[in-house]
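Structure representation (structure tokens):
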């Protein structure tokens with residue numbers, strides 16, 4: 001009361017929490033946009049009521065659908081209705097109302113409105129982003145701590161000529177009075193003050209803070225309620241590939257959104273089985289899974305519309321000139337990203353059934369995402385269903401799945417071991433020189449693919465565990481994610497001791 005806090009808001013001040021560890025951040029003047037010209041906009045001097053949620057635009061947004069509201073970075077908007085990924089809002093600059101993408105805004109005067117604050121990001125993803133394009137020495141972010149609820153971490157890009165940069169993490173500790181400190185010799189009332197201090201001098205950190213971590217604009221959410229879409233809304237532009245059961249195209253949806261479209265050969269699956277599976281797939285949303293946007297099923301061929309991934313399949317990428325330049329740490333990072341996506345599938349009790357490098361897609365900034373999860377189950381091709389013949393990926397499939405059709409998350413783990421060999425050999429076919437029949441026979445006699453020269457022993461150890469004969473002896477994806485994410489740092493502590 002009287003403090004301007006909203007109890008349901010993300011930031012409470014220390015008055016509202018007994019012995020509170022939070023304080024209302026002071027908002028930089030730069031964040032409040034000046035009305036552009038009160039003469040031009042009837043709504044230029046609008047204000048929101050005290051109980052309303054006011055958000056700040058983090059990026060420009062150009063309206064694309066009917067009912068959307070365009071806005072510019074820095075604009076303040078009053079939220080009228082929050083539901084899903086599109087919120088109804090009114091611009092406090094223009095007075096206009098419409099739907100806005102919720103991932104383009106943050107609550108005004110909150111930490112999320114700061115360019116350097118990243119809310120739900122893991123330590124590993126913080127490192128990936130800070131090492132990404134557009135960031136240099138001293139690029140930084142503050143994020144929620146993964147290990148300690150309610151605390152924050154500062155991640156800073158440091159120099160290291162060997163790997164082109166390394167990331168240092170500092171734990172930000174809280175005072176009972178609500179302040180923050182990294183080193184006990186300097187404490188601050190707000191995180192904003194802490195950032196300003198370390199921008200002025202390194203004061204024991206590895207680097208003076210320079211610029212907030214630069215990241216590409218997020219993807220706009222898919223159009224509200226556009227699940228079954230008209231075929232005419234898609235313009236297929238460029239064929240990207242063809243498989244046994246259809247083709248993949250780059251396409252444009254409604255003249256404004258770039259997507260990938262998988263066209264399924266008529267007869268390759270029943271429409272009702274597909275829709276049932278697609279509804280499950282639609283619910284599997286994770287940064288390391290290719291996002292399923294929409295379908296066309298009213299008549300064949302069925303179209304599956306997903307997010308577009310600029311660099312195509314991981315298999316093709318690894319064989320390309322750019323892929324060939326990737327260092328071992330980067331290859332291990334690709335593996336860790338796939339393990340992370342599969343750990344999510346594992347947690348949701350789902351099964352992929354066709355995990356291999358050809359079914360992993362790569363984005364512009366080299367994020368790996370798992371594609372085609374669950375599709376294999378509903379293929380109705382006889383050669384495929386019989387698990388023999390050219391159409392079935394024998395070399396990736398666990399023995400119990402080949403022999404008894406027993407597909408589980410543990411048969412996915414076996415396939416992941418094979419995928420690791422694809423990654424570390426830049427896309428070589430598994431069991432080179434062997435036919436499918438020879439592979440099946442050899443595996444029964446205990447044969448496993450040997451370690452290649454550039455494959456570290458520790459990575460080969462992970463592969464061999466994936467290929468244990470008894471499914472229950474194979475590791476979980478969650479375990480492999482943790483091993484692969486910390487592959488090169490397992491020996492060091494997570495946090496820097498401050499100088």
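Residue numbers (UniProt numbering): 1 to 499.
Even glycine gets a Cβ: it sits at the ideal position worked out from N, Cα and C.
Within 10 Å of its beta-carbon, does residue i have 16 or more other beta-carbons around it, so buried, or fewer, so exposed?
| i | result |
| --- | --- |
| residue 502 | Here the chain covers residues 1 to 499 and nothing more, so residue 502 does not appear. |
| residue 225 | exposed |
| residue 327 | exposed |
| residue 412 | buried |
| residue 293 | buried |
| residue 337 | buried |
| residue 220 | buried |
| residue 280 | exposed |
| residue 458 | exposed |
| residue 231 | exposed |
| residue 106 | buried |
For residue i and residue j, what's the separation of their Cα atoms in angstroms?
| i | j | result |
| --- | --- | --- |
| residue 334 | residue 365 | 12 Å |
| residue 395 | residue 148 | 43 Å |
| residue 453 | residue 349 | 36 Å |
| residue 369 | residue 185 | 44 Å |
| residue 483 | residue 62 | 42 Å |
| residue 300 | residue 266 | 6 Å |
| residue 487 | residue 332 | 8 Å |
| residue 468 | residue 347 | 21 Å |
| residue 26 | residue 171 | Note that residue 26 scores a pLDDT of 32, beneath 50, so its modelled location is shaky; the value from the coordinates is reported in the next line. Their backbone Cα atoms lie some 21 Å apart in a straight line. |
| residue 317 | residue 429 | 14 Å |
| residue 291 | residue 101 | 16 Å |
| residue 442 | residue 137 | 51 Å |
| residue 505 | residue 114 | Since the first residue shown for the chain is 1 and the last is 499, residue 505 is missing from the structure and cannot be characterised. |
| residue 427 | residue 196 | 47 Å |
| residue 433 | residue 359 | 23 Å |
| residue 463 | residue 456 | 11 Å |
| residue 509 | residue 435 | Since the displayed the chain opens at 1 and closes at 499, residue 509 lies outside it and no answer follows. |
| residue 324 | residue 165 | 20 Å |
| residue 489 | residue 145 | 18 Å |
| residue 237 | residue 176 | 59 Å |
| residue 353 | residue 271 | 20 Å |
| residue 446 | residue 235 | 50 Å |
Please name the residue, chosen from the options, that lies closest to residue i on a Cα-to-Cα basis.
| i | options | result |
| --- | --- | --- |
| residue 415 | 156, 65, 137, 471 | 471 |
| residue 93 | 181, 73, 238, 168 | 73 |
| residue 399 | 461, 466, 475, 346 | 466 |
| residue 55 | 80, 67, 65, 64 | 80 |
| residue 371 | 262, 301, 462 | 262 |
| residue 84 | 329, 223, 461, 305 | 223 |
| residue 425 | 450, 144, 440 | 450 |
| residue 282 | 323, 159, 304 | 304 |
| residue 362 | 296, 409, 312, 207 | 312 |
| residue 99 | 67, 302, 168 | 67 |
| residue 133 | 367, 236, 477 | 367 |
| residue 448 | 431, 456, 175, 436 | 431 |
| residue 104 | 96, 59, 116, 82 | 59 |
Among residues of its own chain, excluding the 5 on either side of residue i, which ones have a beta-carbon nearer than 7 Å to its beta-carbon?
| i | result |
| --- | --- |
| residue 91 | 43, 69, 71, 75, 77 |
| residue 340 | 288, 481 |
| residue 505 | Shown here, the chain extends from 1 to 499; a query on residue 505 therefore has no answer. |
| residue 135 | 157, 213, 214 |
| residue 179 | 187, 188, 189 |
| residue 460 | 451 |
| residue 308 | 250, 258, 259, 260 |
According to DSSP, is residue i helix, strand or coil?
| i | result |
| --- | --- |
| residue 170 | strand |
| residue 119 | coil |
| residue 76 | strand |
| residue 293 | strand |
| residue 253 | strand |
| residue 223 | coil |
| residue 208 | coil |
| residue 266 | coil |
| residue 329 | helix |
| residue 464 | helix |
| residue 39 | Because the pLDDT of residue 39 is 37, which lies under 50, any placement of that residue in the model is unreliable, and the question is left without a value. |
| residue 412 | helix |
| residue 281 | helix |
| residue 337 | helix |
| residue 393 | coil |
| residue 484 | helix |
Leaving out five residues before and five after residue i in sequence, what residues of the same chain have Cβ atoms less than 8 Å from its Cβ?
| i | result |
| --- | --- |
| residue 139 | 130, 156, 157, 210, 211, 212, 213, 214 |
| residue 356 | 315, 393, 396, 415, 418, 419, 422 |
| residue 410 | 398, 471, 472, 474 |
Is there a Cβ from chain B that is less than 8 Å from the Cβ of residue i?
| i | result |
| --- | --- |
| residue 357 | Reference to chain B is not applicable here, since this structure consists of a single protein chain. |
Excluding the 5 residues preceding and the 5 following residue i in the sequence, name in chain order all residues of the same chain whose CB lies nearer than 6 Å to its CB.
| i | result |
| --- | --- |
| residue 344 | 286 |
| residue 143 | 118, 121, 126, 153 |
| residue 124 | 485 |
| residue 64 | 256 |
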